[in-house]
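A.B. asks:
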Amino acid sequence: METAKYYELDVLNEDHQTFRNELASINKDGSRKWVYAQESSGRLTTRRSIVAYTLLALLIATPFVRIHGNPLMLLNVIERKFIVLGVVFWPQDFYLVVLSLLTFIVSIGVFTSLLGRIWCGWACPQTIFLEFVFRKIEFIIEGNARQQIALDKAPMSGTKFARKALKHGIFLTLSWMICNLFLSYIIGTDALWSIITDPPSQHASGLTAMIVFSGLFYGVFARFREQACVVACPYGRFMSALVDPDTIAVTYDFKRGEPRHKPTKADKDGTNTAPRGDCIDCGQCVVVCPTAIDIRNGIQLECVNCTACIDACDSVMTKMKKPTGLIRYASSNGVKHGQANRFNTRVKAYIGVWLILLMVVTTLFLRRPEMEAIIMRQPGTLFQKVGDDNIANFYTLQLINKTFIPKTAEIRVLEPQGATLTPLGDYQSVSPQNVQHGRFFVAIPKAKLNGAYNTIRLGVFMNGNLIKENTTTFLAPEK
Ligand code: SF4
Ligand code: SF4
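Numbering (this note's numbering), first residue to last: 15 to 493.
1. Out of curiosity, what's the CA-to-CA distance linking E272 and F231?
2. Give the DSSP-derived three-state secondary structure of E156 in the structure shown.
3. So what's H217 in DSSP terms, helix, strand or just coil?
4. With a threshold of 7 angstroms (Cβ to nearest heavy atom), would I313 be considered close to ligand 1?
5. For the stretch 399-472, list the beta strand (DSSP E) runs that are entirely contained and at least 3 residues long, ordered along the chain.
6. Do the CB positions of R14 and Y266 come within less than 8 angstroms of each other?
7. By Cβ distance below 8 angstroms, which residues in the same chain neighbour L512 in space, the five residues on each side in sequence not counted?
8. Can you tell me which of S198, L369, A38 puts its alpha carbon nearest to the alpha carbon of N90?
9. Straight-line CA distance for L180 to R62?
10. Pair every Cβ in the stretch 440-453 with every Cβ in the stretch 419-429, then say whether three or more of these pairs are closer than 8 angstroms.
11. Kindly give me the distance between the Cβ atoms of I292 and K336, rounded to whole angstroms, as I take these residues to be in contact under 8 angstroms.
12. On the three-state DSSP scale, how would you describe I341?
13. Count the other CB atoms within 10 Å of the CB of R46; is the residue buried (16 or more) or exposed (fewer)?
14. Beta carbon of C303, beta carbon of A137: below 8 angstroms?
15. Does the distance from the CB of A457 to the CB of A406 come in under 8 angstroms?
16. Within its chain, find whatever has a CB closer than 6 angstroms to the CB of W515; leave out the 5 residues flanking it on each side and keep chain order.
17. Considering only the beta carbon of each residue, do A433 and I389 sit closer than 8 angstroms?
18. Should M170 go down as buried or exposed, given a rule of 16 or more other Cβ atoms within 10 Å for buried?
19. M191 lies in the beta strand (DSSP E); which residues open and close that run?
20. Where does M373 sit, in a helix, a strand or coil, going by DSSP?
21. Looking only at its own chain, which residues have a Cβ that is under 6 angstroms from the Cβ of N27, when we skip the five neighbours before and after it?
22. Would F408 pass as a contact of Q392 if the rule is Cβ separation under 8 angstroms?
23. Consider the C-beta atom of A159 and the heavy atoms of ligand 2; say whether any pair is separated by less than 7 angstroms.
24. What number of angstroms, rounded off, separates the C-alpha of Y20 from the C-alpha of R160?
25. Confirm the yes/no value for this check: CB of T261, any heavy atom of ligand 2, distance under 7 angstroms.
26. Tell whether a beta-carbon distance below 8 angstroms holds between F143 and F78.
27. Find out if the Cβ-Cβ distance for the pair N347, A263 is shorter than 8 angstroms.
28. Using 8 angstroms as the Cβ pair cut-off and three pairs as the minimum, do the stretch 199-214 and the stretch 85-99 touch?
29. Using alpha carbons as the reference points, say which of R453, G233, R94, G250 lies closest to T126.
30. Go to K95, then tell me how far its beta strand (DSSP E) extends in each direction, as first and last residue.
31. Taking Cβ positions, are K158 and E53 nearer each other than 8 angstroms?
32. Using the rule of at least 16 other Cβ atoms within 10 Å of the residue's Cβ for burial, across every protein chain shown, is I119 buried or exposed?
33. Where does V300 fall in DSSP's three states?
34. Report yes if the C-beta distance between M385 and L413 is below 8 angstroms; otherwise report no.
35. Can you tell me whether I388 is helix, strand or coil according to DSSP?
36. Put E16 into one of helix, strand or coil per three-state DSSP.
Here you go:
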């Protein structure tokens, strides 16, 4: 069996207390200690692979899926146009975006309190791209962790140059594709295709952005790697404020594992009477760790809950004919006391806030009007006399059709009685996903007016149903 001494990350020989003071992937002088993580395999790695490749397929397919000619998802912050699951959100719906974001942040809090960094290990794009795309390609081209170390230490040769060039060439191509993929979520696939196929002079800024972001992705996946999770990711920082001893996370069962020991001849003979834990100090859980930590030191900020150490240790335990699960999903209290209070007061409070937000967002979403109308008195105008008995005011109108079918709207005066509304032009028909601008004037008999400033109530009707009321001012001469 391979042990950790073969690897550069000889964490097991270090003082076990130093892990709190320094990062395992940074040398004492501050330079980078490259992590050569061994490829993991096992029950959880297989499950994570299925989840990762399913999510990748969804991520790649989503911008190409169309509903009524619109993409399934578009987050066009430049033109302030957002489409989520085929539903178009306009700037007028911004409150829904803010509330949805708030609900998403609180849901991360709820899941982190209950299940630790489950997002990082199973669903984060950084982990999925790094572990299931880039590192897989690295294993194919440069071999396993030990072969990678040998290759890096070897002097430059034709073979080394060819392998490095092939790897980095593929990494650069993949980074460019990832950049295009994320860009298609922002500008849509049609606009992206135009940038790629039109002469470069027509899209200088778009192409510059693509080159810069492709370079950034390459830097993250080829060089920065686990440092993104360890030192850059803000979620990793506030995660530590959310977990407590009852949070389920990848945990080493120190009660069962300690005192750790390397198997001796006396163990095989059965003559050893010293206390023995199940951990044989083989270091397999460390050499597979992509952030280079030793989970036996307890829960740590650097742990992204990737489960590689669980699979590695399960394989060791199986070979040693001992029960698996020395490292497993468990809470600190679960390991210490055999049980944990998963739904403690803090978690219940998070869930309560989360459910309230979820209900509010769902209700607002379902009650979101299909048609929006903005009515204002025309700026810069006062009033006009119409004959001897009536006063008229001009109004501007914006009708926003948020649906995928044409809509017809009608504006009526609800109050005061006796007022008449005259449309100026044909603004009533609004095509799908469009904004229609229009003007109309309202004439009111003098007898119904009360001084210079009056209030009128207008109603927006669709198919004969009142969908919105609007109260605005009506100017008239002083009495
Ligand atoms: S916890 Fe498991 S994998 Fe890690 S050193 Fe102990 S026996 Fe080996
Ligand atoms: S300690 Fe285990 S779960 Fe955490 S990052 Fe390392 S290998 Fe993954």
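Ideal Cβ placement from N, Cα and C applies to all residues, glycine included.
Predicted, not measured: the structure shown is a model, and the values here were computed from it.
C.D. replies: Taking the structure as given:
1. Each residue's alpha carbon lies about 42 angstroms from the other.
2. Helix, per DSSP.
3. Three-state DSSP puts H217 in a helix.
4. Result no, Cβ not under 7 angstroms from ligand 1.
5. Entirely contained in the stretch 399-472, the beta strand (DSSP E) runs reaching 3 residues are, in chain order, 404-415, 421-429, 434-438, 448-459.
6. Limits of the chain in this structure are 15 at one end and 493 at the other, which puts residue 14 out of reach.
7. The first residue shown for the chain is 15 and the last is 493, placing residue 512 beyond what the model contains.
8. Comparing Cα positions, the closest option is S198.
9. Between L180 and R62, the C-alpha separation is close to 27 angstroms.
10. Cβ pair count under 8 angstroms is three or more, so yes.
11. What sits at residue 292 in the sequence shown is Asp, not Ile. Confirmed, Cβ separation roughly 5 angstroms.
12. Correct three-state label for I341: strand.
13. Exposed.
14. No.
15. Yes, Cβ-Cβ distance for A457 and A406 is below 8 angstroms.
16. Beyond the ends of the chain as shown, which are 15 and 493, falls residue 515; an answer cannot be given.
17. Cβ distance not < 8 angstroms, so A433 and I389 don't count as in contact.
18. Exposed, by the Cβ-count rule.
19. Per DSSP, M191 belongs to no beta strand (DSSP E); it is in the alpha helix (DSSP H), 172-201.
20. Three-state DSSP puts M373 in a helix.
21. With a pLDDT of 44 at N27, under the threshold of 50, the modelled position of this residue cannot be trusted; read the value that follows with caution. If you ignore the 5 residues before and after N27, its C-beta comes within less than 6 angstroms of no other C-beta in its own chain.
22. It is a contact, given that the beta carbons lie within the stated cut-off.
23. Because no heavy atom of ligand 2 lies under 7 angstroms away, the Cβ of A159 does not count as near it: no.
24. Confidence in Y20 is poor, its pLDDT being 33 and thus under 50, which makes the residue's placement unreliable; the coordinate value appears in the next sentence. For Y20 and R160, the gap between their C-alpha atoms comes out near 7 angstroms.
25. Because no heavy atom of ligand 2 lies under 7 angstroms away, the Cβ of T261 does not count as near it: no.
26. With a cutoff of 8 angstroms on beta-carbon distance, F143 and F78 are scored as not near each other.
27. Their beta carbons are not under 8 angstroms apart, which means N347 does not touch A263 by this criterion.
28. Short answer: they touch.
29. A check of alpha carbon separations from T126 across R453, G233, R94, G250 identifies G250 as the nearest.
30. In the DSSP assignment, K95 falls within the beta strand (DSSP E) that extends over 95-98.
31. With the sequence shown as reference, residue 158 is identified as Asn, and Lys is not the correct amino acid for it. Result yes, Cβ atoms of N158 and E53 sit closer than 8 angstroms.
32. Looking at its Cβ environment, which holds fewer than 16 other Cβ atoms inside 10 Å, I119 is exposed.
33. Look at V300 here: in three-state DSSP terms it is helix.
34. For M385 and L413, yes; Cβs fall inside 8 angstroms.
35. Residue state for I388 is assigned as strand, using DSSP reduced to three classes.
36. Reliability fails at E16, whose pLDDT of 38 lies under 50, so the model's placement of it is uncertain and the value that follows must be treated cautiously. Coil.
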